[in-house]
Amino acid sequence: MVQIAGVANSFNDVNDFILTLQQSNFLQSDKTKLVDSKLGDRRTLRLPDLPGLNTAGTGATIDPPRLPPQVEFSIETALNDVPASELIREIERKGAVGLVTRIEALKAKGVIKP
Numbered sequence: 428m429v430q431i432a433g434v435a436n437s438f439n440d441v442n443d444f445i446l447t448l449q450q451s452n453f454l455q456s457d458k459t460k461l462v463d464s465k466l467g468d469r470r471t472l473r474l475p476d477l478p479g480l481n482t483a484g485t486g487a488t489i490d491p492p493r494l495p496p497q498v499e500f501s502i503e504t505a506l507n508d509v510p511a512s513e514l515i516r517e518i519e520r521k522g523a524v525g526l527v528t529r530i531e532a533l534k535a536k537g538v539i540k541p
């Protein structure tokens with residue numbers, strides 16, 4: 428089992444992420460599920476301490492902006508049991524050229540069956 432925990436801007440973003448994971452050839456779509464999600468608290472942006480930023484002497488102060496709440500989530504999934512040799516095209520498309528080269532070398536030496 429693989430657990431993924433993170434933060435998203437909205438529940439829709441979490442849903443999109445789950446759908447993307449379910450479409451991955453590297454994961455088992457039927458084992459990919461949302462374990463927990465909750466809307467976090469609104470956060471206040473901390474302003475840097477710069478001279479002249481807060482004009483306390485005149486009675487005027489700058490209120491720091493409040494950031495929208497984010498969604499904290501936890502997802503469970505499982506790795507696909509398809510051998511890496513069968514996923515070569517997908518691995519190469521993802522940019523893992525070194526892994527593809529190693530798999531091809533192992534095939535050439537007869538360690539992995541084509």
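Note that our numbering has the sequence shown beginning at 428, numbered continuously upward.
Virtual Cβ for every residue (Gly too), placed ideally from N, Cα, C.
Note that the coordinates shown come from a computational prediction; the quantities given were computed from them, not determined experimentally.
(request) Just confirm the distance between the C-beta atoms of R470 and L494, as a whole number of angstroms; I'd bet it's less than 8 angstroms. (result) 5 angstroms
(message) For a test of the three-state rule: what should DSSP assign to R493, helix, strand or coil?
(response) strand
(message) Quick check on the burial criterion: 16 or more other C-beta atoms within 10 angstroms. Buried or exposed for L466?
(response) exposed
(request) Could you tell me the boundaries of the beta strand (DSSP E) in which E503 lies? (result) V498 to T504
(message) Checking 8 angstroms against the spacing of the C-beta atoms, do I518 and L526 come in under that value?
(response) yes
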